[in-house]
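Colleague: Numbered by the UniProt record's numbering, the letters in the sequence shown go through residues 1 to 207 in order. Ideal Cβ placement from N, Cα and C applies to all residues, glycine included. The structure presented is a predicted model; accordingly, all values stated were derived computationally and were not measured. Quick one: the structure is below, and I'll ask about it shortly.
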Amino acid sequence: MAQGTLYIVSAPSGAGKSSLIQALLKTQPLYDTQVSISHTTRAPRPGEVHGEHYFFVNHDEFRAMIGRDAFLEHAEVFGNYYGTSRETIEQVLATGVNVFLDIDWQGAQQIRKKMPDSRSIFILPPSKEELDRRLRGRGQDSEEVIAKRMAQAVAEMSHYAEYDYLIVNDDFDAALSDLKTILRAERLRMSRQKQRHDALITKLLAD
Numbered sequence: 001m002a003q004g005t006l007y008i009v010s011a012p013s014g015a016g017k018s019s020l021i022q023a024l025l026k027t028q029p030l031y032d033t034q035v036s037i038s039h040t041t042r043a044p045r046p047g048e049v050h051g052e053h054y055f056f057v058n059h060d061e062f063r064a065m066i067g068r069d070a071f072l073e074h075a076e077v078f079g080n081y082y083g084t085s086r087e088t089i090e091q092v093l094a095t096g097v098n099v100f101l102d103i104d105w106q107g108a109q110q111i112r113k114k115m116p117d118s119r120s121i122f123i124l125p126p127s128k129e130e131l132d133r134r135l136r137g138r139g140q141d142s143e144e145v146i147a148k149r150m151a152q153a154v155a156e157m158s159h160y161a162e163y164d165y166l167i168v169n170d171d172f173d174a175a176l177s178d179l180k181t182i183l184r185a186e187r188l189r190m191s192r193q194k195q196r197h198d199a200l201i202t203k204l205l206a207d
């Protein structure tokens with residue numbers, strides 16, 4: 001069975017990354033493509049399900065996992081830990097299922113070092129003005145928070161060249177099509193096709 005591919009996806013807040021990933025997953029069968037589920041020490045929010053939205057663990061369990069080098073990446077955010085389990089990802093990939101991981105550039109750097117066969121995608125907004133409009137359109141942040149998010153966005157975007165693929169989300173359907181094209185192209189890579197069609201190739205080349 002061909003190994004699945006880990007896709008690392010990064011973008012500034014407001015670029016449409018989460019919406020694109022969710023739209024992509026709706027077009028792909030569950031046995032083919034899934035989204036990564038992180039471990040966290042924060043308390044579940046209403047409606048969140050363990051093993052579906054996050055793997056909820058306590059601080060002692062999380063620190064023990066850090067000690068075992070169980071995470072591909074981890075970070076502390078506002079007093080709570082978040083991390084991507086190496087074992088969880090590798091188990092899914094071993095079944096031939098692709099995994100999409102939504103993460104920032106710092107986490108992406110950590111993962112690329114540990115999983116060099118992963119593929120990384122960066123999503124850009126069409127302009128700063130459009131990014132500002134999208135952030136304001138949420139209607140939930142103050143001017144101070146929006147200004148902070150814009151500054152963080154510029155810092156995040158400065159790392160775009162570290163990625164394998166670049167998508168500009170100007171038109172959502174076009175950006176989604178680009179994402180599907182990347183997935184399709186990776187499926188056709190020689191290393192994956194040789195493994196997938198080994199029996200056929202052996203027969204074709206037999207004397």
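#1: Taking only runs of the alpha helix (DSSP H) that begin and end inside the stretch 71–155, which ones reach a length of at least 4 residues, in chain order?
#2: Per DSSP, Thr40 forms a beta bridge with which residues?
#3: Contact check, Thr41 vs Phe62 under 8 Å by CB: the rounded distance?
#4: How many angstroms separate the CA atom of Phe56 from the CA atom of Asp102?
#5: What does the Cβ neighbour count give for Val9, buried or exposed, with the cut at 16 atoms within 10 Å?
#6: Could you spell out where the beta strand (DSSP E) holding Thr181 opens and where it closes?
#7: Who are the near neighbours of Gly14 in its chain, counting only those whose CB is closer than 6 Å to its CB and skipping five residues on each side?
#8: Less than 7 Å separating the beta-carbons of Tyr82 and Phe122?
#9: Would a C-beta distance cut-off of 7 Å place Leu93 and Gln3 closer than the cut-off?
#10: How is the alpha helix (DSSP H) around Thr33 delimited, first residue to last?
#11: In whole angstroms, what separates the C-alpha of Asp117 from that of Ile182?
#12: Please work out which residues of its chain come closer than 8 Å, Cβ to Cβ, to Ala175, disregarding the five sequence neighbours upstream and downstream, and give them in chain order.
Modeller: According to the structure data:
#1: 86–94, 105–114, 128–137
#2: Phe56, Tyr82
#3: About 5 Å separates the beta carbon of Thr41 from that of Phe62, a gap short enough to meet the 8 Å contact definition.
#4: It is roughly 18 Å from the alpha-carbon of Phe56 to the alpha-carbon of Asp102.
#5: buried
#6: Counting along the chain, Thr181 falls outside any beta strand (DSSP E), though it belongs to the alpha helix (DSSP H) covering 172–187.
#7: Leu131, Arg134, Leu135
#8: Remark: C-beta atoms of Tyr82 and Phe122 do not approach each other more closely than 7 Å.
#9: yes
#10: Run containing Thr33: none in the alpha helix (DSSP H); it sits in the beta strand (DSSP E), 33–35.
#11: 15 Å
#12: Gly16, Leu20, Ile123, Ile167, Val168, Asn169
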